[in-house]
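Trainee: Numbering (my numbering), first residue to last: 1401 to 1602. In this text, a Cβ means the ideal position worked out from N, Cα and C, and glycines have one as well.
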Ligand code: SAH
């Protein structure tokens, strides 16, 4: 598929802001050299170390649930290729900040290298176990988990602002995408569809 075709498909279901982020970020900068010719297929692609760059339509779906606004501070668990953090960087704009955590050293480095190609300055890729969250920069407006977890780690909910939104794929074999809104005294939880993500390592 050509990039224009993918953008047209995403345009049927997603906002101008989200489609615009996909337009501005070159996915070919985030895939393996040998996959550059299939960078715009609406598929997850292997990036080594058991990880994948997520499927564009799945990412778009999660970004929509996140309701990202300019200037937000966002935590991502699972930097992988860095692609999703690059999209979020565009959505939050120059005043926003993205912290993306990665447990595999080579992938944290891969993400940094790819983000540099896109000249993105407001994303920090950090080698860290994301199941702990990242208290140094907490609390966050939004948290996105891009690896499958059996349950949402408690630490992440603690590090979310009141009225903040967390989106995560939850489940063992197949995952539902769960959206949690943290209200003052309760959590509002909604789940959507079935998806498959690579597992969160613990
Ligand atoms: N968001 C990525 C896709 C990530 S795939 C992208 O846009 O390319 C899931 C990633 O989560 C993998 O890179 C995997 O190594 C990482 N991961 C798994 N468990 C983790 C943990 N506990 N902390 C941080 N990263 C983790």
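(1) Please determine, among 1404, 1498, 1516 and 1555, the residue with the shortest C-alpha to C-alpha distance to residue 1530.
(2) When you measure from the CB of residue 1503 to every non-hydrogen atom of ligand 1, does any distance come out below 7 Å?
(3) Output the distance between the C-alpha atoms of residue 1524 and residue 1488, rounded to the nearest integer angstrom.
(4) Report the option in 1540, 1465 and 1532 whose CA atom is closest to the CA atom of residue 1681.
(5) Output the boundary residues of the beta strand (DSSP E) element that contains residue 1458.
(6) Is residue 1504 near ligand 2, judged by its Cβ being under 7 Å from some heavy atom?
(7) In terms of alpha-carbon separation, which member of 1447, 1494, 1428 and 1443 lies closest to residue 1478?
(8) Identify which residue in 1473, 1404, 1418 and 1451 has its Cα closest to the Cα of residue 1499.
(9) Can you tell me whether residue 1550 is buried or exposed? The criterion is at least 16 other CB atoms within 10 Å of its CB, across all chains shown.
(10) Helix, strand or coil for residue 1499, going by three-state DSSP, please let me know.
(11) If you draw a straight line from the alpha carbon of residue 1508 to that of residue 1534, how long is it in whole angstroms?
(12) Cα-Cα, which of 1425, 1602, 1579 and 1405 is closest to residue 1486?
(13) Relative to the C-alpha of residue 1490, which candidate in 1514, 1503 and 1520 has its C-alpha closest?
(14) Taking 8 Å as the cut-off, does the segment 1430-1438 touch the segment 1464-1471 (at least 3 CB pairs, one atom from each stretch)?
(15) With DSSP run on the structure shown, which of helix, strand or coil describes residue 1585?
(16) So for residue 1505, helix, strand or coil by DSSP?
(17) Examine ligand 1 and report whether any of its heavy atoms sits within less than 7 Å of the Cβ of residue 1414.
(18) Can you determine whether any heavy atom of ligand 1 sits closer than 7 Å to the C-beta of residue 1489, and answer yes or no?
Mentor: Answer, in terms of the structure:
(1) Taking the first residue of the chain shown as 1, we reach residue 1530 at position 130. Of the residues 1404, 1498, 1516 and 1555, the one whose Cα lies closest to the Cα of residue 1530 is 1555.
(2) As a first step, residue 1503 is located in the chain shown; it is residue number 103 there, counting from the start. Answer for residue 1503: yes, Cβ within range of ligand 1.
(3) Along the chain shown, one-based indexing puts residue 1524 at 124. Along the chain shown, one-based indexing puts residue 1488 at 88. For residue 1524 and residue 1488, the distance between alpha carbons rounds to 12 Å.
(4) Coverage of the chain is limited to positions 1401 through 1602, which leaves residue 1681 absent and any answer about it impossible.
(5) Your numbering for residue 1458 matches position 58 in the chain shown. No beta strand (DSSP E) contains residue 1458, which is instead part of the alpha helix (DSSP H) from 1456-1466.
(6) No copy of ligand 2 occurs in the structure displayed; its ligands are ligand 1 alone.
(7) Along the chain shown, one-based indexing puts residue 1478 at 78. Comparing Cα positions, the closest option is 1447.
(8) As a first step, residue 1499 is located in the chain shown; it is residue number 99 there, counting from the start. Of 1473, 1404, 1418 and 1451, the residue nearest in Cα terms is 1473.
(9) As a working note, residue 1550 is residue 150 in the chain shown. Sixteen is the threshold: since fewer than 16 other Cβ atoms of the shown chains lie within 10 Å of the Cβ of residue 1550, the residue is exposed.
(10) For the purposes of this step, residue 1499 is taken as the residue at position 99 of the chain shown. Correct three-state label for residue 1499: strand.
(11) In the chain shown, counting from the first residue as 1, residue 1508 sits at position 108. In the chain shown, counting from the first residue as 1, residue 1534 sits at position 134. If I take the Cα positions, the gap works out to 15 Å.
(12) Translated into positions along the chain shown, residue 1486 becomes position 86. Selected option, being the one with the closest Cα: 1425.
(13) Residue numbering aside, residue 1490 sits at position 90 when the chain shown is read from its first letter. Among 1514, 1503 and 1520, the Cα nearest to that of residue 1490 belongs to 1520.
(14) no
(15) The residue labelled residue 1585 in the question sits at position 185 within the chain shown. Of the three classes helix, strand and coil, the one that applies to residue 1585 here is coil, per DSSP.
(16) Counting from 1 along the chain shown, the entry for residue 1505 is found at position 105. Three-state DSSP puts residue 1505 in a helix.
(17) For the purposes of this step, residue 1414 is taken as residue 14 along the chain shown, with counting starting at 1. No, Cβ of residue 1414 sits at least 7 Å from all heavy atoms of ligand 1.
(18) The residue labelled residue 1489 in the question sits at position 89 within the chain shown. Checking the Cβ of residue 1489 against ligand 1 gives no.
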